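Protein chains in written order, with our numbering: chain A, -12 to 180; chain B, 5 to 206.
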């Protein structure tokens, strides 16, 4: 009995101390990590989505807060003068959440382009969603009312062979972006004036 | 005391150098040694985890009940690995992107658990730190040297830190591209093991 109690106590104390330590390190590095993600993940993605932007989407970013979401919006002015926005959504994939930066043209309601940002997919398999643009380029030019689900789920997106779960995560993120966009568009347009 | 400290430290550099002598922890050795830089980054991260987990396990060695010791070791190791992961994301994000999934996989690197079980749980904190440091530096050197061979043959460059090569072959050099692919890792490691055995035989 004594032995059992000591096992339970030692393990419980050890796990709670390490949990506390990790929480402290996490909150201490959170701001820095966010900046690094902005610099190394979001900035290149936005650069790829709006290669000919005539403004600086990163510097002009703003945040929209509603009851349940807080969304960072990157506004952009395209080469032909029309306004566009980009924001990031997440979908659950094989190795955890997969981030998708979605660029949308505000005047035509079309997707300009999408890019995968942060992910923890298997190198060489799921990570192709980021490296091989033939998958994400399926989204460019699609109208926002399109069903972004995979073809197997009744949508229009072809999954990458061998990486169905990753493909599904990306399509879930796109569907989420569509829902957010349809809900928040008036608010976004108002803020951009 | 100083003598045994030095002994524990130096054994990790040659007599028990992890990938070549113990042939442990091969997953990161094969996967990340595409360049010297990746090898050093992985080695430093592993060394950090080794030193601190060895220290803590050694301090707690009389408190941890032997029946749950493996679980306790894993909790301690996983904590330090997560700290390394967060610190790398905060300060060396580009390196973190290159090493990716292999950082969290340090948890299951049998070198770390092996040192905890075979050494730190039986020896004093000072000796355990020397042991962790020695094995860690040995691991870093192995990764860096394998990385150097593969990067030089496969890409014609040597990159130590920051993405800028310190050495570059001219445009006439035709690299053996397969050396930076997965098969090159096995060939490179095999040749280095062979050389280590040749030298060690005498």
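All C-beta atoms in this analysis are idealised placements derived from N, C-alpha and C, irrespective of residue type, glycine included. Note that this is a predicted model, so its numbers are computed, not measured.
Review point. Does the separation of the CB atoms of residue 142 (chain B) and residue 34 (chain B) fall below 9 Å?
Key: Residue 142 (chain B) sits at position 138 when you count from the first residue of the second chain. Residue 34 (chain B) sits at position 30 when you count from the first residue of the second chain. Contact: no.
Review point. Helix, strand or coil: which one does DSSP assign to residue 78 (chain A)?
Key: Numbered from its first residue, the first chain carries residue 78 (chain A) at position 91. Strand, per DSSP.
Point to revise | Anticipated Cβ contact below 8 Å, residue 36 (chain A) with residue 102 (chain A), distance rounded | key: Taking the first residue of the first chain as 1, we reach residue 36 (chain A) at position 49. Taking the first residue of the first chain as 1, we reach residue 102 (chain A) at position 115. Sure, about 6 Å apart at Cβ, within 8 Å.
Review point. Is it true that the CB of residue 110 (chain B) sits closer than 9 Å to the CB of residue 148 (chain B)?
Key: By one-based count along the second chain, residue 148 (chain B) stands at place 144. By one-based count along the second chain, residue 110 (chain B) stands at place 106. No, they are not a contact pair.
Review point. DSSP three-state call for residue -12 (chain A): helix, strand or coil?
Key: Mapped onto the first chain, residue -12 (chain A) falls at position 1. DSSP places residue -12 (chain A) in coil when its eight states are reduced to three.
Exercise for review: Return the bridge partner residues of residue 137 (chain A) from the DSSP annotation.
Suggested key: Numbered from 1 along the first chain, position 150 holds the residue referred to as residue 137 (chain A). Its beta-bridge partners are A:144.
Point to revise | Contact set between residue 72 (chain B) and chain A, taken where Cβ atoms lie within less than 8 Å | key: Here residue 72 (chain B) is taken as the residue at index 68 of the second chain, counted from 1. Under the 8 Å cutoff, chain A gives -6, -3 and -2.
Point to revise | Close beta carbons around residue 113 (chain B), own chain, < 6 Å, minus the five adjacent residues each side | key: For the purposes of this step, residue 113 (chain B) is taken as residue 109 along the second chain, with counting starting at 1. Once the five neighbours on either side are set aside, the close Cβ partners of residue 113 (chain B) are 29.
Exercise for review: Would you verify that the beta carbon of residue 72 (chain A) is, or is not, closer than 9 Å to some beta carbon of chain B?
Suggested key: Taking the first residue of the first chain as position 1, residue 72 (chain A) is located at position 85. Answer no: the Cβ-Cβ gap between residue 72 (chain A) and chain B never drops below 9 Å.
Check your understanding: In chain order, what residues of the same chain lie with their CB nearer than 8 Å to the CB of residue 95 (chain B), ignoring the 5 residues before and after it?
Key -> Counting from 1 along the second chain, the entry for residue 95 (chain B) is found at position 91. Around residue 95 (chain B): no qualifying Cβ.
Exercise for review: Give a yes or no on whether 9 Å exceeds the smallest Cβ distance from residue 112 (chain A) to chain B.
Suggested key: Here residue 112 (chain A) refers to the residue found at position 125 of the first chain. Not an interface residue.
Exercise for review: Report the rounded CA-to-CA distance for residue 194 (chain B) versus residue 188 (chain B), giving the unit in angstroms.
Suggested key: Residue numbering aside, residue 194 (chain B) sits at position 190 when the second chain is read from its first letter. Residue numbering aside, residue 188 (chain B) sits at position 184 when the second chain is read from its first letter. Straight-line Cα distance between these residues: approximately 10 Å.
Exercise for review: Starting from the beta carbon of residue 41 (chain B), find every residue of chain A whose beta carbon is closer than 7 Å, and list them in chain order.
Suggested key: Here residue 41 (chain B) refers to the residue found at position 37 when the second chain is read from its first residue. Correct list: empty, because the minimum Cβ distance to chain A is about 16 Å.
Point to revise | Closest by C-alpha distance to residue 132 (chain A), when choosing among A:92, A:96, A:153 and A:160 | key: By 1-based counting over the first chain, the position of residue 132 (chain A) is 145. Ranking A:92, A:96, A:153 and A:160 by Cα distance to residue 132 (chain A) puts A:96 first.
Review point. Listed in chain order, which residues of the region 77 to 92 of chain B have Cβ atoms closer than 8 Å to some Cβ of chain A?
Key: 79, 80, 82, 83, 86, 87, 90 and 91
Exercise for review: Kindly examine the ligand FMN and report whether one of its heavy atoms sits closer than 8 Å to the Cβ of residue 123 (chain B).
Suggested key: As for the ligand FMN, it is missing from this structure, which has no ligand bound.
Check your understanding: For residue 85 (chain B), which residues from the same chain have a beta carbon less than 6 Å from its beta carbon, with the 5 sequence-adjacent residues on both sides left out?
Key -> Within the second chain, residue 85 (chain B) is the residue found at index 81, counting from 1. Only 53, 110 and 111 meet the Cβ criterion.
Review point. Whose C-alpha, out of B:145, B:69 and B:169, is nearest the C-alpha of residue 22 (chain B)?
Key: Working through the second chain from its first residue, we reach residue 22 (chain B) at position 18. Out of B:145, B:69 and B:169, B:145 has the C-alpha closest to the C-alpha of residue 22 (chain B).
Practice item. Quick one: residues in its chain with C-beta nearer than 8 Å to the C-beta of residue 89 (chain B), no 5 flanking neighbours on either side, listed in chain order? Key: As a first step, residue 89 (chain B) is located in the second chain; it is residue number 85 there, counting from the start. For residue 89 (chain B), where only same-chain residues beyond five positions count, the Cβ hits under 8 Å are 100, 107 and 108.
Exercise for review: Compare the C-alpha of residue 78 (chain A) against each of A:70, A:106, A:62 and A:47 and name the closest.
Suggested key: Taking the first chain and counting its residues from 1, one reaches residue 78 (chain A) at position 91. Among A:70, A:106, A:62 and A:47, the Cα nearest to that of residue 78 (chain A) belongs to A:106.
Check your understanding: Taking Cβ positions, are residue 49 (chain A) and residue 64 (chain A) nearer each other than 9 Å?
Key -> Against the first chain, residue 49 (chain A) aligns to sequence position 62. Against the first chain, residue 64 (chain A) aligns to sequence position 77. Against a cut-off of 9 Å, the Cβ pair of residue 64 (chain A) and residue 49 (chain A) comes out as no contact.
Point to revise | Rounded separation between residue 120 (chain B) and residue 71 (chain B) - CA only | key: Locating residue 120 (chain B) in the second chain gives position 116, counting from the first residue. Locating residue 71 (chain B) in the second chain gives position 67, counting from the first residue. Spanning the two alpha carbons is a distance of roughly 15 Å.
Check your understanding: What are the residues of the region 154 to 178 of chain B that lie near chain A, defined by any Cβ-Cβ distance shorter than 7 Å?
Key -> none
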